[in-house]
Each structure stands twice: as C-alpha cells, then as structure tokens.
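Mapping the sequence shown onto the working numbering, position 63 (from 1) lands on 64, and the numbers just tick up by one.
Glycine residues also receive a C-beta, built at the ideal position from the N, C-alpha and C atoms.
These numbers come from a predicted model, not from an experiment.
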Amino acid sequence: MLATAERVRSDGVLGPVEIIWHVPTDPASCDGERDYHPVACGESGISTPGGIHEVPEDLNEPGQRWCTACRTSTQRTT
2 MLATAERVRS DGVLGPVEII WHVPTDPASC DGERDYHPVA CGESGISTPG GIHEVPEDLN
62 EPGQRWCTAC RTSTQRTT
C-alpha cells in the first residue's frame, strides 16, 4: 500500500522516534521534492521529503505503525 511517513517523538523532544504511516489521497501528485500530501485520515497533511513508499499492509517493524484512521478510511472505500 502506498504511504507517506510522519515522524514523531514518543517522549518529547529527545525521545525515540516513531514512524506513523499515512495513506495519501493523491499519490500521483508526489514528485519527491518536499511534497505536501493530503492524507486519508483527514489530518491537515504530512510534509515529508521522503515522498511516497510502498509499505506492507501487515507492517510489523519495530518503531513503525499505520495511522489507524487512515487504515480505517481506506478499508471503508475498498
């Protein structure tokens, strides 16, 4: 599934980084140059220089997870 990453610190400014994967609503508009991606969960959007990546739906990587709201919204439309 195509996704864009949001990096958040779980414990303040110096805490460990967690990557939350969001589903972009218009992945075709990604050009890899500090894109702004509207996301399926309705957050204001994720700005990420990393662009869009293929991420497995059954993601099982330490420190990474899917945005629950993005996953729920895409499951309703399929």
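Bridge partners of residue i, per DSSP?
i          : result
residue 25 : 40
residue 7  : 21
residue 66 : 21
Within its chain, find whatever has a CB closer than 8 Å to the CB of residue i; leave out the 5 residues flanking it on each side and keep chain order.
i          : result
residue 19 : 8, 9, 10, 11, 64, 65 and 66
residue 3  : 24, 25, 28, 53, 54, 55 and 56
Does the Cβ of residue i have 16 or more other Cβ atoms within 10 Å, making it buried, or fewer, making it exposed?
i          : result
residue 73 : exposed
residue 14 : exposed
Between residue i and residue j, which are expected to be in contact by the criterion C-beta below 8 Å, what is the C-beta distance as a whole number of angstroms?
i          : j         : result
residue 40 : residue 5 : 7 Å
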